[in-house]
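*Asks:* Shown below is the structure under consideration.
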Amino acid sequence: METVTLTPKAQPDLYIDAENITPDAFAGKTAAEIAAFHVHEGNQTGLLGTYFDVSGKAGATAAETKIVIKGDVLKVKYIGMRMTAGEILVEGSADMYIGAWMEGGRIHVRGNIDAFSGTGMKGGEIEVDGNAGNYLGAAYRGDWRGMQSGTIRVHGNAGSDIGTFMNGGTIIIDGDVDVHVGTHAEGGTIIVKGNGKSKIGGQMVKGEIYVFGTIDVMMPGYVYRKDVDLEVDGTKATFAMYEGDMGERHGKRKGEVIYGHIYQKY
Amino acid sequence: MTKIVTDVVCPFCGTLCDDLEVKVSDDGTQILEVYNACVIGTEKFLHSQAKDRLKVPQMQDEEGNWKDVSIDDAVDYTAQMLCNAKKPLMYGWSSTNCEAQSTGNEIAEIVGAVVDNTATVCHGTTLIAVQDVGVPSCTLGEVKNRADRIVFWGCNPAHAHPRHMSRYSIFPRGFFTGKGHKARKMVVVDPRSTDTAKMADVHMQIEQGRDYELLSALRVAVRGAPLPETVAGIPRETIQDVAETLKSGRFVVIFFGMGVTQTLSKNHNIDMAISLTRDLNEYTKAAIMPMRGHYNVTGSGQVLGWQFGFPFCVDLSRGFARYNPGDSSSNDLLRRGEVDAVFVLGSDPGAHFPISSVKKIAQLPSVCVDPHHTPTSAVCKLHMPVAFVGVEEAGCAYRMDNVPIETRKVVEAPEGMVSDEEFLKMVLTRVKEIKGVA
Ligand code: SF4
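Structure follows, in structure tokens:
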């Protein structure tokens, strides 16, 4: 695997859209060619090389390309957008839309990420050592397909609206989450190892939400069914199982109604 | 001899009453009296008559001293500011006509700006929910003639839309509602005991921030599924009774306001309310409608909708329309430092935005176009006074139920004053010159 290193130099006045920072776009290119890629600051088109020192070279394909960003990119949006393979390592914190509509490969951020990361994600892996913002792994506005596959793992806390309209894949938050978890979910798994707040699993049709800590207020459409012993992401424990959301439509399988599930650890 | 102008449309709130009568002086320059309007509507007309009204544009220097400038200077400053910015924000648009909105959007497209309207701080969340789950709605005429179950959720029409209940929702005797309010059941959901709540058959005094749960509980009750003993501070029996009341109506309408759109859960509250409306349609006819505030905020959404496909938060900086509240919304753009110039027309963010956003406006090149000197003008570099739309200038406006109504010109604007649309057209011409586009 070949590595391209991006070292931030000039800070943009505003913010830049840099959807070209992906192994797919970099593959087969030299450092000079990559430095000539377009980025957008408002209505102005600039060059990637204006904001980053580019060194190393890319592999022949996306899968053979690793991108290392040395430092914070707090004013750079869309890193890793639609990537299908390869790797991105951000050694600092990144802004919004990291890994949006990602289909494969791996993104690792050592710092924090902002809102709309992993929007409409279809595959691959995002790992964040710090915190994530709102709308992690959610659907784009108006889309009924949120995260469909892949894994997002956040070691810190996450904001509100994670996994909205999710219908596949896994989101794991080691810390706490804000309101609205898995709203409108039609599949997929969300694991919250810290505390939840309220509005968890609202309008959920199908899917699983595990909460290890507290839930301030349970949605009224959830009914406690039984206790179950489970192993969740390496933790063996007894969980209270709730089914719902009773106010929402639900499909049937073999004559049985399929509900969404919330599991709360004792 | 004075004369009476009839069928005047009130350019204040989203109710857009179209039955006003205004007594004007012989020479057609002065409004003497306003009939049929509510207090706030009357005030809007009389305000235009203020003797100390600003008539010339003013610019503010570094020290905060204002000096008069010509309209040409104002046009040039505005055009230069918009053309030199990398990402200008063009905000407001709810208190002007569709003609001005459309011209403003044309400028935004040429300069690569973000266009956002006041929905961003009121019913924008409603628009997000509508995009997520659709909306079964109706016109206010249908409400008047058919509705027998009225819900006011997180809104207080007694004060914010004073003639709403008498013209459309509670009191009027319509075609199928001949008994007026006697045959209508009124449910109010509000944490406070408002003047609207005091009139209700049922007032659900909900715990603050629990609208999402209560709406969900109503959906559960409509389906006849079990509920916890209390939800959001409301006993199960009350929730079940209200669900029955709604199901047994011939026509249910849910009106909602900023008490649900801008409190915890925001768009999700409306999403759930729309879902409840949809569920009710399995038993009876039900519709839902936002109580839009400014008289033509609905129109701005309509115009942006047909021009760019999105009703607010439209980012045109890349040459195509993008939309994502949370990213392209005015307060997020200002808070994060994503814009480098601010143009305001037909709104007062200086009074309504968080102080952190207002401070950002104060630091940037900025223009405020408004008949009055407002808190926004106070932080802007240029204040451009204009004629009152709906009083001194006619034009199209959309009522809260998306019905377009042509507003009327009642009196002449003071000598030499231009309208929003005229000013924007001059800016557009200057922008085209600077950019070299035909
Ligand atoms: S209810 Fe609204 S539109 Fe009607 S007169 Fe009053 S302010 Fe004007």
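So the protein sequences, as listed, match chains A and E.
In terms of our numbering, the first sequence opens at residue 1 and continues consecutively.
In terms of our numbering, the second sequence opens at residue 267 and continues consecutively.
Yeah, the Cβ is synthetic: ideal placement off N, Cα and C, and Gly gets one too.
What do you reckon, is the C-beta of Thr281(E) under 7 Å from a heavy atom of the ligand SF4?
*Replies:* Translated into positions along the second sequence, residue 281(E) becomes position 15. The answer is yes for Thr281(E).
*Asks:* Measuring only from the beta carbon, is Ile671(E) closer than 7 Å to any heavy atom that is part of the ligand SF4?
*Replies:* Numbered from its first residue, the second sequence carries residue 671(E) at position 405. No.
*Asks:* Measuring CB to CB, does Val693(E) end up less than 8 Å from Cys646(E)?
*Replies:* Counted from its first residue, the second sequence places residue 693(E) at position 427. Counted from its first residue, the second sequence places residue 646(E) at position 380. No, these two residues do not count as a Cβ contact at 8 Å.
*Asks:* Using CA atoms only, rank isn't needed, just tell me which of His447(E), Val396(E), Phe441(E) and Gly567(E) is closest to Val381(E).
*Replies:* Numbered from its first residue, the second sequence carries residue 381(E) at position 115. It is Gly567(E) whose Cα lies nearest to the Cα of Val381(E).
*Asks:* Here's the rule: buried if 16 or more other CB atoms are within 10 angstroms of the residue's CB, otherwise exposed. What is Val341(E)?
*Replies:* The sequence position of residue 341(E) within the second sequence is 75, counting from 1. Answer is buried; the Cβ neighbour count reaches 16.
*Asks:* From Ala27(A), Ile69(A) and Gly201(A), pick the residue whose C-alpha is nearest to that of Ala60(A); which is it?
*Replies:* Counted from its first residue, the first sequence places residue 60(A) at position 60. Comparing Cα positions, the closest option is Ala27(A).
*Asks:* Taking only beta-carbon atoms, is Asp245(A) less than 8 Å away from chain E?
*Replies:* Taking the first residue of the first sequence as 1, we reach residue 245(A) at position 245. Yes, its Cβ sits closer than 8 Å to a Cβ of chain E.
*Asks:* Is Gln397(E) close to chain A? Criterion is C-beta to C-beta, closer than 8 Å.
*Replies:* Locating residue 397(E) in the second sequence gives position 131, counting from the first residue. It does; some Cβ of chain A falls within 8 Å.
*Asks:* Just list the residues that DSSP pairs Trp419(E) with in beta bridges.
*Replies:* Against the second sequence, residue 419(E) aligns to sequence position 153. According to DSSP, which records beta bridges pairwise, Trp419(E) is partnered with Val455(E) and Phe522(E).
*Asks:* Whole-angstrom Cβ separation of Ala644(E) and Ser403(E), contact assumed at under 8 Å?
*Replies:* Counted from its first residue, the second sequence places residue 644(E) at position 378. Counted from its first residue, the second sequence places residue 403(E) at position 137. Between Ser403(E) and Ala644(E) the Cβ distance is about 38 Å, and since that is not below 8 Å, they are no contact.
*Asks:* By DSSP, does Trp572(E) sit in helix, in strand, or in coil?
*Replies:* For this step, residue 572(E) is matched to residue 306 along the second sequence. In this structure, Trp572(E) counts as helix in the three-state DSSP scheme.
*Asks:* Is the beta carbon of Asp227(A) closer than 8 Å to that of Thr238(A)?
*Replies:* Position 238 of the first sequence, counting from 1, holds the residue named residue 238(A). Position 227 of the first sequence, counting from 1, holds the residue named residue 227(A). For Thr238(A) and Asp227(A), yes; Cβs fall inside 8 Å.
*Asks:* Please name the residue in Asp216(A), Tyr259(A) and Gly124(A) whose C-alpha comes closest to that of Gly105(A).
*Replies:* On the first sequence, position 105 is the one that residue 105(A) refers to. Checked all of Asp216(A), Tyr259(A) and Gly124(A); the closest Cα to Gly105(A) is Gly124(A).
*Asks:* Output, in chain order, the set of chain E residues within a Cβ distance shorter than 9 Å of Tyr224(A).
*Replies:* Locating residue 224(A) in the first sequence gives position 224, counting from the first residue. None at all; the shortest Cβ gap to chain E is about 10 Å.
*Asks:* List the residues of chain E whose Cβ lies closer than 8 Å to the Cβ of Ala115(A), in chain order.
*Replies:* For the purposes of this step, residue 115(A) is taken as the residue at position 115 of the first sequence. What Ala115(A) touches in chain E: Gly592 and Asp593.
*Asks:* Roughly how far, in whole angstroms, is the beta-carbon of His155(A) from the beta-carbon of Asp174(A), given that I think they are within contact range, below 8 Å?
*Replies:* As a first step, residue 155(A) must be located in the first sequence, where it is residue number 155. As a first step, residue 174(A) must be located in the first sequence, where it is residue number 174. With a Cβ gap of about 5 Å, His155(A) and Asp174(A) count as contacting.
*Asks:* Going along the chain, which residues of its own chain have a beta-carbon closer than 8 Å to the beta-carbon of Val657(E), five neighbours each way excluded?
*Replies:* For the purposes of this step, residue 657(E) is taken as residue 391 along the second sequence, with counting starting at 1. These residues qualify, in order along the chain: Pro277, Ile297, Lys310, Phe311, Ser314, Lys675, Val676 and Val677.
*Asks:* Would you please state the rounded distance, in angstroms, between the beta carbons of Ala663(E) and Tyr561(E)? I believe it to be under 8 Å.
*Replies:* Translated into positions along the second sequence, residue 663(E) becomes position 397. Translated into positions along the second sequence, residue 561(E) becomes position 295. With 8 Å as the limit, Ala663(E) and Tyr561(E) qualify as a contact, their Cβ atoms being about 6 Å apart.
*Asks:* Counting only beta-carbon separations shorter than 8 Å, does Arg141(A) have a partner in chain E?
*Replies:* Within the first sequence, numbered from 1, the residue matching residue 141(A) stands at position 141. Yes, its Cβ sits closer than 8 Å to a Cβ of chain E.
*Asks:* DSSP three-state call for Glu208(A): helix, strand or coil?
*Replies:* The residue given as residue 208(A) occupies position 208 in the first sequence. Strand.
*Asks:* At 9 Å on the CB atoms, spell out the chain A contacts of Gly378(E), in chain order.
*Replies:* On the second sequence, position 112 is the one that residue 378(E) refers to. The contacting residues are Gly42, Asn43 and Gln44.
*Asks:* In this structure, does DSSP put Leu546(E) in helix, strand or coil?
*Replies:* Here residue 546(E) corresponds to residue number 280 of the second sequence, with the count starting at 1. Looking at Leu546(E) - three-state DSSP - the assignment turns out to be helix.
*Asks:* Based on Cα-Cα distance, which residue from Ile436(E), Gly702(E), Thr295(E) and Asn411(E) lies nearest to Thr443(E)?
*Replies:* Within the second sequence, the letter at position 177 stands for residue 443(E). It is Asn411(E).
*Asks:* Any residues in the stretch 382-412 of chain E with a beta carbon nearer than 7 Å to a beta carbon of chain A? Which ones, in chain order?
*Replies:* Answer set for the stretch 382-412 of chain E: Ile394, Gln397 and Asp398.
*Asks:* In chain order, what are the residue ranges of uninterrupted alpha helix (DSSP H) at least 4 long that sit wholly in the stretch 346-408 of chain E?
*Replies:* Runs found: 364-377 and 390-399.
*Asks:* Whose C-beta lies closer than 7 Å to the C-beta of Ile505(E) among residues of the same chain, with five residues either side of it excluded?
*Replies:* Here residue 505(E) corresponds to residue number 239 of the second sequence, with the count starting at 1. The residues are Ala483, Leu484, Ala487, Leu493 and Val497.
*Asks:* His560(E) by DSSP, collapsed to three states: which one?
*Replies:* Residue 560(E) sits at position 294 when you count from the first residue of the second sequence. It is a strand residue.
*Asks:* Near Gly475(E), what residues of its chain come up, given a Cβ to Cβ distance below 8 Å and the 5 sequence neighbours on each side ignored?
*Replies:* Here the question's residue 475(E) lines up with position 209 in the second sequence. Here the set comprises Thr529, Leu530 and Ser531.
*Asks:* Check whether the Cβ of Tyr589(E) lies closer than 8 Å to any Cβ atom in chain A.
*Replies:* If you number the second sequence from 1, residue 589(E) lands on position 323. By this cut-off, Tyr589(E) is an interface position.
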